[in-house]
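FYI, our numbering numbers position 43 of the sequence shown as 444, with every residue one higher than the one before it.
Take a look at the structure set out below.
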Amino acid sequence: MESYEVQWISKASAAQRAGRAGRTRPGHCYRLYSSAVFSNIFPDLSCTEISKVPVEGVVLLMKSLNIDKVANFPFPTPPEATALVEAECCLKALESS
402 MESYEVQWIS KASAAQRAGR AGRTRPGHCY RLYSSAVFSN IFPDLSCTEI SKVPVEGVVL
462 LMKSLNIDKV ANFPFPTPPE ATALVEAECC LKALESS
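See below:
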């Protein structure tokens, strides 16, 4: 079952967002957290989205597009091989693939 988790952004994402302020016209970046929170709690980098969510929906979409060898697909950031195998097993159990 999919769910959304509220979490801090990464230091890299915070820096990128600050860089957008003033890019096309004068602007400022206001941060609603302390430098201590930034330094001690924020992760350096974010996890990729595909590593955080169940991949059953992605696998089902790929199967509907006649992509049968999902494990061989050239994902920009591939999901864990076990996640793909588990997704295919789940879909077979549901008779969806």
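C-beta: ideal position from N, C-alpha, C; glycine also.
Whether residue i touches residue j by CB criterion (8 Å)
i: S411; j: S452; result: no
i: A419; j: C430; result: yes
Close-in-space but distant-in-sequence residues of the same chain around residue i (CB under 8 Å, 5 per side omitted)
i: T478; result: T449, I451, S452
i: F474; result: M463, I468
i: L495; result: none
i: D445; result: S411, K412, A413
i: F439; result: K412, A415, R432
Exposure of residue i, with buried meaning 16 or more beta-carbon neighbours within 10 Å
i: P480; result: buried
Option nearest residue i by Cα separation, candidates the options
i: S436; options: P455, I468, A494, A415; result: A415
i: V456; options: S440, F476, F443, I442; result: F476
i: N441; options: Y431, D469, H429, W409; result: W409
i: E406; options: L495, V454, R426; result: V454
i: R432; options: D445, K470, Q417; result: Q417
Residues near residue i by beta carbon distance below 7 Å, same chain, minus five either side
i: A472; result: A482, L485
Neighbourhood of residue i by C-beta distance below 6 Å, restricted to the same chain and skipping five residues each side
i: S498; result: Residue confidence for S498 is low, a pLDDT of 49 falling below 50, so the modelled location carries little weight and cannot support an answer.
**Sufficient close CB pairs (3 or more, under 8 Å) joining the segment 454 to 462 to the segment 481 to 498** = yes
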